[in-house]
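First comes the structure, then the notes that go with it.
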Amino acid sequence: NIDQLPQTEIGLLEIIGSQRGCLRAGGRVDLERVSTIFVNELRAGLFGPLGFETPEVIEAEMKQVAIMRAEKEEREKLRLEKAAARRRKAKSNRK
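So the mapping is simple: this note's numbering equals the position in the sequence shown, first residue as 1, plus 407.
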């Protein structure tokens, strides 16, 4: 566990590396080794579900979804109107 998060990414990797025993000669952290471990554990989902989207990206995606839903509703409305018109025409042709 990390009590206080460092200000930089390298600082975080150094803390993780020292805790995980990723040390080189002189007690320096092997950043390549700890980075590989970090990425592999991230990919394996060991940190839980994480999202990398920014709030701006999420907002843009939500707007796009709303547009797509509105377009789909409009297509469905047109389809139903055409089907009703065909039924009315078929019914009038039977008379």
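The beta carbon of each residue, even a glycine, is placed where N, CA and C say it ideally should be. Because the structure is a prediction, the values reported are computed rather than measured.
- DSSP places Thr443 in the uninterrupted alpha helix (DSSP H) bounded by 438-450.
- A distance of 8 Å or more separates the beta carbons of Asp437 and Gly418.
- For the pair Val441 and Arg427, the CB atoms are nearer than the 8 Å cut-off.
- Ranked by how close their Cα comes to the Cα of Ile422, the residues Gly434, Pro456, Gly455, Ile409 have Ile409 in first place.
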